[in-house]
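Okay, structure first, notes after.
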Amino acid sequence: MRFILKTRYEQDLRLFRDQTVAGWYAALAIALLAAPFVLPEYYTTQLVFIFIWGIVGFGLMLLAGFTGQISLGHAAFLAIGAYAEAILQARGWPFFASAPIAIALSACAGVVIGLPALRLTGIYLAIATLAFGFIVEEVLARWESVTAGNSGMMVAPLRLFVEPIGSQTAFYFVCLVAIAGTALVVRNLLRSPTGRAFIAIRDSEISAQSMGVNLARYKTMSFALSAGITGLAGALYAHQIRFISPEQFTIFLSIEFLMMIVIGGMGSLHGAVLGAVFIVMLPELIAVAKDWLPQVIAEQTGLKGTIFGLCVILFVLFEPMGLYGRWVKVRTWFSLFPLYKSGLFKRQKSYQKSERLR
Amino acid sequence: MELLQLVISGVAMGCIYALIALGFVLIYKATEVVNFAQGDLMMLGAFVAFTFASIWQLPFALAVVFAILVLAAVGALFDRLLLRPLIGQPPFSAVMVTIAAGFVARGVATMVPGWGTDTHALKAPWSEGVLRLGGVVIAHDDIAIIVLTALLCLLLYFFFRRTRIGIAMQASSQNQLAAYYMGIPVRRVHTLIWAIAAGIAAFAAVLLAPITFVHSNMGFIGIKAFPAAVVGGFGSIPGAIAGGLIIGLVEAFAGFYLPEGFKNVAAYVVVLLVLMIRPSGLFAEMRRKKV
Numbered sequence: 004m005r006f007i008l009k010t011r012y013e014q015d016l017r018l019f020r021d022q023t024v025a026g027w028y029a030a031l032a033i034a035l036l037a038a039p040f041v042l043p044e045y046y047t048t049q050l051v052f053i054f055i056w057g058i059v060g061f062g063l064m065l066l067a068g069f070t071g072q073i074s075l076g077h078a079a080f081l082a083i084g085a086y087a088e089a090i091l092q093a094r095g096w097p098f099f100a101s102a103p104i105a106i107a108l109s110a111c112a113g114v115v116i117g118l119p120a121l122r123l124t125g126i127y128l129a130i131a132t133l134a135f136g137f138i139v140e141e142v143l144a145r146w147e148s149v150t151a152g153n154s155g156m157m158v159a160p161l162r163l164f165v166e167p168i169g170s171q172t173a174f175y176f177v178c179l180v181a182i183a184g185t186a187l188v189v190r191n192l193l194r195s196p197t198g199r200a201f202i203a204i205r206d207s208e209i210s211a212q213s214m215g216v217n218l219a220r221y222k223t224m225s226f227a228l229s230a231g232i233t234g235l236a237g238a239l240y241a242h243q244i245r246f247i248s249p250e251q252f253t254i255f256l257s258i259e260f261l262m263m264i265v266i267g268g269m270g271s272l273h274g275a276v277l278g279a280v281f282i283v284m285l286p287e288l289i290a291v292a293k294d295w296l297p298q299v300i301a302e303q304t305g306l307k308g309t310i311f312g313l314c315v316i317l318f319v320l321f322e323p324m325g326l327y328g329r330w331v332k333v334r335t336w337f338s339l340f341p342l343y344k345s346g347l348f349k350r351q352k353s354y355q356k357s358e359r360l361r
Numbered sequence: 130m131e132l133l134q135l136v137i138s139g140v141a142m143g144c145i146y147a148l149i150a151l152g153f154v155l156i157y158k159a160t161e162v163v164n165f166a167q168g169d170l171m172m173l174g175a176f177v178a179f180t181f182a183s184i185w186q187l188p189f190a191l192a193v194v195f196a197i198l199v200l201a202a203v204g205a206l207f208d209r210l211l212l213r214p215l216i217g218q219p220p221f222s223a224v225m226v227t228i229a230a231g232f233v234a235r236g237v238a239t240m241v242p243g244w245g246t247d248t249h250a251l252k253a254p255w256s257e258g259v260l261r262l263g264g265v266v267i268a269h270d271d272i273a274i275i276v277l278t279a280l281l282c283l284l285l286y287f288f289f290r291r292t293r294i295g296i297a298m299q300a301s302s303q304n305q306l307a308a309y310y311m312g313i314p315v316r317r318v319h320t321l322i323w324a325i326a327a328g329i330a331a332f333a334a335v336l337l338a339p340i341t342f343v344h345s346n347m348g349f350i351g352i353k354a355f356p357a358a359v360v361g362g363f364g365s366i367p368g369a370i371a372g373g374l375i376i377g378l379v380e381a382f383a384g385f386y387l388p389e390g391f392k393n394v395a396a397y398v399v400v401l402l403v404l405m406i407r408p409s410g411l412f413a414e415m416r417r418k419k420v
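Line by line, the protein sequences are chains B and W. The numbering of the first sequence is the numbering used here, which starts it at 4 and goes up by one. The numbering of the second sequence is the numbering used here, which starts it at 130 and goes up by one.
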């Protein structure tokens, strides 16, 4: 166990805790930069998906994991980002102009859904976002002059400026920059007064309010930021998948996003990425496992949903802090080696808290 | 005449929504858990009833009773295995577990031999034929749905008002801690509530199945029943029934008078409007925040 004696204020402002942590992130960065040149193209594509879902994870984590607002409509923000990007690129706009507009449109949608959220809590908010998701899906299916309706639309390869980028490798780097930038923005945001206000709202709205946090302002801001980040992911998703149609952005995708951050670990940015890794790897793992399973089970269409559901149940019951929580526990066990206590990460039961909101 | 026709079909559909919403509300009131798997419980109920009635060739009434009993057991098991360990955890955990359980239920239903991903027909003895009253044509199915829902509501009303266990349930839904102090076995009450809600889901399934057929995705109707529960105010039993009827009627009228596509989203537009005007539903009880 290492303790850092802080002697200067700048130490509090550092992005990484110490040299070792910075070293690990540098190693990760180098590995990711080298990946497209070393790995086969198939794995590069999987990494791109991890990046895109990771960006969604950041967005949703900001809202659900740090502000405590549950959204069942994030697929709608992804859809708005994807359609805005697809339509603008088809009209000849470069990525540097179309992506900000896609983000801004999603963020505006986030404000729209965030406004009723000011008066809604818990299940009412979840249903409002769910309703919003359905309405967006239906609008995309019916507004045929713009979105081509249920027949869907093809998306051209990404154009950064004028020329389309040629290879999957180039697109990989665009996504890598996008997720790194998002991570930096979200991480810094969470260390700022805004982020602390979000966390205060999550932990107790009443105490946040009494400490002078403007609930309306920060909840709306959280929705807008979350939606904007998801919109960026949507823009990248459109280029990756090359074909978008309304039935890709259903309530089930929204639920899958929620499951992703639950499995990754609520309330941690690492968890968002780990959840994305899990969600992309799961079909691969199932494909591998199919060789081992009896044929009766292996050929079932419902297998993925069942396994996914089981994973979520097991995580919520036995590891509520998700993959990242498990990692933290393992790490702590090693660093404290003979002194680890089993109650170290025990969470307070909700009925033992002084505040109980219904 | 046209209007009356629409009203009747809307009310019939609304009754189904109301029954599912009732399941949400019962569980939410008693345990403060939102059960996202209610629609999938209904799907299981339909399949179980189908198994008894069509595969094993039992008489329909017996199949229905068995289906309700089986589902009640499933509901109790659900609570015992999945939700009791989560008492004291943030409500979001319980929500995720019910969503995931819905996924599992749907997946497992497609794997059961004889159920699968196919569409099955479940015929009720009343499901042939229509009733003509003046110029109005009413399917027997619709009549059965409306009458049986009304009967079930009456039954539930007396259960919660007149029986000892029903009153204990009301007490534990109003204040769990106080109910504990009064010697009410709150945890057992929770399990019982889950059993009742799952039984109601099976009942709704049997009513719905003759109209929509039995298939592994029929639980999606549960997502439509959410607006019903919310419009009425999550946590109010009369509200759930009123909400279901409102959603059913709005859908029927939107499908007839508005352009195509509005029928699918009518329920959600209504719920957004209601939430904007009354953030906790039309029939919500006033609740102050406790600090």
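For each residue, glycine too, the CB sits at the ideal point set by N, CA and C.
Report the rounded CA-to-CA distance for P97(B) versus V114(B), giving the unit in angstroms. Just so you know, the alpha carbons of P97(B) and V114(B) end up roughly 26 Å apart.
Can you give the beta carbon distance from C144(W) to I274(W), rounded, assuming they're within the 8 Å contact cut? 5 Å between Cβ atoms; contact.
Grab the span of the beta strand (DSSP E) containing I267(W) for me, first residue to last. Residues 265-268.
Verify whether the separation of the beta carbon atoms of L73(B) and L128(B) is less than 8 Å. Just to set this straight, residue 73(B) is Ile in the shown sequence, not Leu. Remark: C-beta atoms of I73(B) and L128(B) approach each other more closely than 8 Å.
R20(B): first and last residue of the uninterrupted alpha helix (DSSP H) it sits in: Run containing R20(B): none; DSSP gives neither H nor E here.
Answer with yes or no whether the minimum CB distance from V420(W) to chain B is below 8 Å. Only weak support is given to the placement of V420(W): the predicted model assigns it a pLDDT of 39, under 50, and the value that follows is read from those uncertain coordinates. By this cut-off, V420(W) is an interface position.
Confirm, please, whether the CB-CB distance from R190(B) to L272(B) is below 8 Å. In contact: L272(B) and R190(B) (Cβ atoms closer than 8 Å).
Measure the CB-CB distance between A324(W) and A201(W) and report whether it falls below 8 Å. Taking 8 Å as the Cβ cut-off, A324(W) and A201(W) qualify as a contacting pair.
Does the CB of Q218(W) have a neighbour CB from chain B at under 8 Å? A Cβ of chain B is located within less than 8 Å of the beta carbon of Q218(W).
Where the alpha helix (DSSP H) through R122(B) begins and ends: Run containing R122(B): none; DSSP gives neither H nor E here.
Looking only at C-alpha atoms, which of G295(W), F385(W), A331(W), L404(W) sits nearest to K158(W)? Ranking the options by Cα distance to K158(W), first place goes to G295(W).
Partners in chain W for Y127(B), counting only beta-carbon separations shorter than 8 Å: Going along chain W in sequence order, the residues near Y127(B) (Cβ under 8 Å) are V359, F363, L404, P408, S409, G410.
Pick out the complete beta strand (DSSP E) segments inside the segment 332-397 of chain W, 3 residues or longer, and give them in chain order. Restricted to the segment 332-397 of chain W, not a single beta strand (DSSP E) segment is unbroken, complete and at least 3 residues in length.
Round the Cβ separation of A330(W) and I149(W) to the nearest angstrom and send it over; I've been treating them as touching at under 8 Å. Here A330(W) really is in contact with I149(W); their C-beta atoms are around 7 Å apart, less than 8 Å.
How would you write the range of the alpha helix (DSSP H) that R220(B) sits in, first residue to last? Counting along the chain, R220(B) sits inside the alpha helix (DSSP H) bounded by residues 218-244.
In chain B, which residues lie less than 9 Å from I352(W) when you measure between Cβ atoms? In chain order, L133, F137, I254 make up the part of chain B whose C-beta sits under 9 Å from the C-beta of I352(W).
Could you compute how far the alpha carbon of V237(W) sits from the alpha carbon of V276(B)? Cα to Cα, V237(W) sits roughly 29 Å from V276(B).
Find the nearest neighbour of A78(B) within the set S248(B), I90(B), G346(B), L218(B), judged by alpha-carbon distance. The shortest C-alpha separation from A78(B) is found at S248(B).
Mapping the DSSP letters down to three states, classify P167(B) as helix, strand or coil. The three-state secondary structure of P167(B), taken from DSSP, is strand.
Taking Cβ positions only, does N393(W) come closer than 8 Å to chain B? Judged by the 8 Å Cβ criterion, N393(W) is in contact with chain B.
Is there at least one Cβ from chain W nearer than 8 Å to I316(B)'s Cβ? By this cut-off, I316(B) is an interface position.
What is the rounded straight-line gap between the Cα of F332(W) and the Cα of G174(W)? Going from the Cα of F332(W) to the Cα of G174(W) covers about 8 Å.
Give a yes or no on whether the minimum CB-CB distance between L296(B) and chain W is below 8 Å. Using beta-carbon distances, L296(B) does not count as an interface residue toward chain W, since no partner is under 8 Å.
DSSP beta-bridge partners for I162(B)? Looking at the sequence shown, residue 162(B) is not Ile but Arg. Per DSSP, P167(B).
Return no unless some Cβ of chain W is closer than 8 Å to the Cβ of I258(B). Yes, its Cβ sits closer than 8 Å to a Cβ of chain W.
What residues in its chain sit with their C-beta under 6 Å from that of A395(W), if we drop five residues either side in the sequence? A distance below 6 Å between beta-carbons, with the five flanking residues on each side excluded, links A395(W) to the following residues of its chain, in chain order: V379, E380, A383.
What residues in the segment 59-87 of chain B bring their beta carbon closer than 7 Å to a beta carbon of chain W? Of all residues in the segment 59-87 of chain B, only I73 come within less than 7 Å of chain W when Cβ atoms are compared, listed by chain position.
Can you confirm whether V163(W), when its beta carbon is compared against all beta carbons of chain B, has any partner nearer than 8 Å? Yes, V163(W) counts as interfacial toward chain B.
Flag F348(B) as yes if its beta-carbon sits less than 8 Å from any beta-carbon of chain W, otherwise no. When Cβ-Cβ separations below 8 Å define contact, F348(B) makes no contact with chain W.
Backbone secondary structure at L262(W) - three-state DSSP: Under the three-state reduction of DSSP, L262(W) is assigned to strand.
Span separating the alpha-carbon of H242(B) from that of V165(B): Within the model, the alpha-carbon separation for H242(B) versus V165(B) is close to 16 Å.
Taking the alpha-carbon of E259(B) as reference, which of T185(B), Q212(B), W56(B), E147(B) has the nearest alpha-carbon? Among T185(B), Q212(B), W56(B), E147(B), the Cα nearest to that of E259(B) is on W56(B).
From F40(B), E88(B), V283(B), residue whose alpha carbon lies closest to that of I264(B): Checked all of F40(B), E88(B), V283(B); the closest Cα to I264(B) is V283(B).
Cα-Cα separation, R194(B) to S207(B): Computed Cα separation, rounded: 18 Å.
Determine whether the Cβ of K293(B) lies closer than 8 Å to any Cβ atom of chain W. Output row for K293(B): interface = no.
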